[in-house]
Structure formats: structure tokens, C-alpha cells
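**Q** Right, I'll just put the structure down here and ask away after.
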Amino acid sequence: VHFHEVGMLDALADIVGVCLLMDQLAPDQVLASPIHVGSGQAHCAHGILPVPAPATAYILRGVPTYGGSIRGELCTPTGAALLRHFVDSFGDQPVMAVSQIGYGMGKKDFSAANCVRAMLGETQDEGDQIAELCCNLDDMTPEAIAFAQERLLEAGALDVFTTPIGMKKSRPGILFSCLCLPEQSESMARIIFHYTRTLGIRRYDCQRYTLTRSEKVIETAYGKVRVKKAAGWGVRRSKAEYEDVAAIARATGLSIDDAQHLIFHSRTPMR
114 VHFHEVGMLD
124 ALADIVGVCL
134 LMDQLAPDQV
144 LASPIHVGSG
154 QAHCAHGILP
164 VPAPATAYIL
174 RGVPTYGGSI
184 RGELCTPTGA
194 ALLRHFVDSF
204 GDQPVMAVSQ
214 IGYGMGKKDF
224 SAANCVRAML
234 GETQDEGDQI
244 AELCCNLDDM
254 TPEAIAFAQE
264 RLLEAGALDV
274 FTTPIGMKKS
284 RPGILFSCLC
294 LPEQSESMAR
304 IIFHYTRTLG
314 IRRYDCQRYT
324 LTRSEKVIET
334 AYGKVRVKKA
344 AGWGVRRSKA
354 EYEDVAAIAR
364 ATGLSIDDAQ
374 HLIFHSRTPM
384 R
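Quick note on our numbering: the sequence shown kicks off at 114 and runs consecutively.
Structure below.
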């Protein structure tokens with residue numbers, strides 16, 4: 114795709130300005146509403162083109178868009194490319210505490226406000242429901258229990274863990290716990306029955322609160338490293354992926370802690 118009129122100064126200013134802003138803000142996540150592309154026809158250097166322009170329509174494949182009643186081009190190829198590159202997901206605005214708001218106004222007069230609005234804030238996770246499936250085990254080998262854990266995780270369980278417990282007749286045992294979405298409960302229970310020797314499973318419905326999680330890649334002097342980020346509830350955390358840290362530690366002969374320190378003190382954000 115070749116952007117029509119991409120060499121115009123305003124298009125260059127749009128691209129450089131947005132990229133600079135995104136680099137300075139470094140948001141954990143970028144959300145946008147479905148894109149209002151407009152309708153009718155638009156006049157450009159190549160003549161009269163349908164709205165959205167062919168380049169715009171091509172770039173926005175797979176992205177939710179709508180035409181609406183406004184006649185004219187509301188999303189250019191440059192704008193479409195910026196949205197496609199930076200936006201993580203499209204949809205309704207989530208519950209969030211907005212700290213800053215910015216507006217960009219257009220020169221053309223339409224029947225509705227010709228502007229783009231950006232809001233910076235922190236999302237508030239109100240919590241969601243999960244199910245906890247539990248059973249007591251006292252007659253299985255560690256290998257068999259580990260295999261059952263693997264099968265549950267492969268099937269989409271959120272987490273599987275064990276806890277040492279004391280059972281009747283003074284027998285040491287294992288409390289086997291599986292966390293999953295409520296709609297997964299029956300399928301997870303089938304797996305537990307199939308791969309363990311339990312005769313019964315208890316289910317507890319739980320309300321959980323979570324931080325908003327995302328993953329980015331950073332460039333270090335030792336190569337690319339994946340970094341997991343979490344934010345919300347007044348908390349911001351970053352943690353490098355263990356496999357990447359371990360690879361650097363092996364290559365340099367450093368400890369895991371020293372490798373972590375190197376990663377976060379010699380990095381350049383990547384997009």
C-alpha cells in the first residue's frame with residue numbers, strides 16, 4: 114500500500130508527533146473506540162476516491178469500523194496506520210480514572226464535532242468470578258499428580274497447585290486445587306476425575322481482583338528481553354521473563370539478580 118499524499122508536511126507531522134508522544138507516555142495499554150471512517154467520496158491528489166479510501170480500507174482490515182451518516186473522509190490512511198500500529202484493542206471505554214484529556218480539532222465543518230479525543234488514565238478492575246475445584250489425595254505418586262496438573266493447564270486452567278495437608282488416620286496428603294473460569298468447571302472436573310484417584314471434588318465460587326497485565330519487549334546490550342507489566346489499584350510492576358533472564362545469566366556468568374539489574378538499567382523500549 115502506498116499512502117496517497119503521504120509526503121505532505123501535515124502527514125509527516127502527524128506521524129512524528131504521535132510516535133514522539135507515545136514514546137514519552139509509554140502507556141501500558143492503548144484502547145480505542147470503533148473507527149468512524151465516514152461515507153461518500155473524497156477529493157485527493159489522485160482524483161475522487163470512495164470513503165474510506167482504498168489504502169484506509171486495506172489497513173483497517175479486521176478492525177471494527179463504521180460509516181455513519183457524515184459525508185466525507187473522517188479517517189485517512191495515515192491515521193489508520195497509526196491506530197493499527199498502536200492500539201491494542203478496539204471497543205467500549207472501560208471503567209477508568211481519567212487523569213488527563215487532550216483534543217485535536219479539524220478544520221472541516223461537519224454535522225458533528227470534528228475532533229479526536231485522547232484520555233490518559235488508569236483502568237479499575239472491578240473483579241471477576243472464578244471457580245476453585247479442590248480434592249484431597251493420599252494415594253498418588255508425585256509424578257501422577259504432576260501429570261494431572263499438566264493436563265489441566267493444557268486444557269486452559271488458570272492455575273493448578275498443591276498444598277500439604279494432614280488427613281484422617283494421621284495420613285499425610287495433598288490438597289489438589291484447580292482455578293478456572295466458572296464455565297470451565299465441568300470440563301476441568303472431568304479431567305480431575307480422569308487423571309486422579311479422587312472420589313469427590315469440591316467447588317467454591319470466588320470473587321477475584323486483578324491487575325491489568327501486558328507484555329512488552331525491550332532491547333538490551335545482551336539482546337531482546339520480554340517484560341511483563343502489571344498496573345492498577347495504585348500499583349505498577351515490571352518483571353522480566355525468567356527464560357530470557359536465565360539465558361543472559363548463563364551467557365554472562367552472572368546470577369539471576371545481577372542479570373535482572375543489568376536488564377533494567379541498560380534498556381531501550383521497543384514497539
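We put the beta carbon where it would ideally sit given N, CA and C, even for glycine.
(1) Counting C-beta neighbours from all protein chains within 10 Å, is the total for C228 16 or more, i.e. buried, or is it exposed?
(2) Just verifying my parser: in three-state terms, what is the DSSP assignment at P382?
(3) Does DSSP put E267 in a helix, in a strand, or in coil?
(4) Hey, out of G313, H374, P207, whose CA is closest to V338's CA?
(5) Which runs of the beta strand (DSSP E) spanning at least 3 residues fall entirely within the region 175–254, listed in chain order?
(6) Report the CB separation of I258 from T275 in whole angstroms; it is logged as a contact under 8 Å.
(7) So what does DSSP say about T323, is it helix, strand or coil?
(8) Can you tell which of S152, T309, R349, G269 has its C-alpha closest to the C-alpha of Q297?
(9) Spell out the partners DSSP gives A155 in its beta bridges.
(10) Do you know offhand how far L265's Cα is from L312's?
(11) CA-CA distance, A124 and P190?
(12) Could you pull the DSSP bridge partners for F274 from this structure?
(13) Relative to the C-alpha of S300, which candidate in D251, R316, G286 has its C-alpha closest?
(14) Which residue wins for smallest C-alpha separation from V150, given the options C132, R174, A139?
(15) If distances are taken between C-alpha atoms only, which option among L367, F377, E354, G347 comes closest to A210?
(16) Report all residues from its chain with a CB closer than 8 Å to the CB of I278; omit the five preceding and five following residues, and keep chain order.
(17) Which value, in whole angstroms, describes the spacing of the CA atoms of H198 and A261?
(18) Leaving out five residues on either side along the sequence, give the residues of the same chain with a beta carbon under 8 Å from the beta carbon of Q213.
(19) Please look up how many angstroms separate the CB atoms of I161 and Q154, rounded, as I've assumed it's under 8 Å.
(20) Buried or exposed: which applies to G219, given that a residue is buried once 16 or more other Cβ atoms fall within 10 Å of its Cβ?
(21) For the beta strand (DSSP E) that R303 lies in, which residues bound it at each end?
(22) Can the beta-carbon of A126 be found closer than 8 Å to that of V200?
(23) Grouping DSSP H, G and I as helix and E and B as strand, with all else coil, what is R390?
(24) Beta-carbon separation of E354 and K341 under 8 Å?
(25) Does DSSP put T333 in a helix, in a strand, or in coil?
(26) Out of A158, L134, G215, which one is the CA nearest neighbour of M121?
**A** This is what the structure gives:
(1) By one-based count along the sequence shown, residue 228 stands at place 115. So C228 counts as exposed.
(2) Walking along the sequence shown from the start, residue 382 turns up at place 269. Any reading at P382 is ruled out, since the residue's pLDDT is 43, under 50, leaving its predicted position unreliable.
(3) As a first step, residue 267 must be located in the sequence shown, where it is residue number 154. Reduced to three states, the DSSP call for E267 is helix.
(4) Position 225 of the sequence shown, counting from 1, holds the residue named residue 338. V338 has its Cα closest to that of H374, out of G313, H374, P207.
(5) 209–218, 228–236, 241–250
(6) Along the sequence shown, one-based indexing puts residue 258 at 145. Along the sequence shown, one-based indexing puts residue 275 at 162. That pair is a contact at about 6 Å.
(7) Here residue 323 is taken as the residue at index 210 of the sequence shown, counted from 1. Of the three classes helix, strand and coil, the one that applies to T323 here is coil, per DSSP.
(8) Reading the sequence shown from its first residue, position 184 is the one you call residue 297. Per the Cα distances, G269.
(9) What you label residue 155 is simply residue 42 of the sequence shown in a count that begins at 1. L162.
(10) Taking the sequence shown and counting its residues from 1, one reaches residue 265 at position 152. Taking the sequence shown and counting its residues from 1, one reaches residue 312 at position 199. Approximately 18 Å, taken between the alpha carbons.
(11) As a position in the sequence shown, residue 124 is number 11, starting the count at 1. As a position in the sequence shown, residue 190 is number 77, starting the count at 1. Going by the C-alpha atoms only, they are around 10 Å apart.
(12) Start at 1 with the first residue of the sequence shown, and residue 274 comes out as number 161. Partner(s): S290.
(13) Position 187 of the sequence shown, counting from 1, holds the residue named residue 300. Nearest of D251, R316, G286 to S300, Cα basis: R316.
(14) To locate residue 150, count along the sequence shown from 1; it is residue 37. The shortest C-alpha separation from V150 is found at R174.
(15) On the sequence shown, position 97 is the one that residue 210 refers to. Comparing Cα positions, the closest option is G347.
(16) Reading the sequence shown from its first residue, position 165 is the one you call residue 278. The residues are N249, P285, G286, I287, L288.
(17) To locate residue 198, count along the sequence shown from 1; it is residue 85. To locate residue 261, count along the sequence shown from 1; it is residue 148. Approximately 41 Å between the Cα atoms of the pair.
(18) As a first step, residue 213 is located in the sequence shown; it is residue number 100 there, counting from the start. For Q213, where only same-chain residues beyond five positions count, the Cβ hits under 8 Å are M232, L233, G234.
(19) If you number the sequence shown from 1, residue 161 lands on position 48. If you number the sequence shown from 1, residue 154 lands on position 41. Indeed they touch by this definition, with Cβ atoms about 5 Å apart.
(20) Indexing the sequence shown from 1 puts residue 219 at position 106. Exposed, because fewer than 16 other Cβ atoms sit within 10 Å of the Cβ of G219.
(21) Walking along the sequence shown from the start, residue 303 turns up at place 190. It is not in any beta strand (DSSP E) - R303 instead sits in the alpha helix (DSSP H) that spans 298–308.
(22) Counted from its first residue, the sequence shown places residue 126 at position 13. Counted from its first residue, the sequence shown places residue 200 at position 87. Cβ atoms of A126 and V200: not closer than 8 Å.
(23) Nothing about residue 390 can be reported from this structure: the residues present for the chain run from 114 to 384 only.
(24) Counting from 1 along the sequence shown, the entry for residue 354 is found at position 241. Counting from 1 along the sequence shown, the entry for residue 341 is found at position 228. Yes. Within cutoff.
(25) As a working note, residue 333 is residue 220 in the sequence shown. Looking at T333 - three-state DSSP - the assignment turns out to be strand.
(26) Sequence index remark: in the sequence shown, residue 121 carries index 8 (1-based). Minimum Cα distance to M121 is reached at A158.
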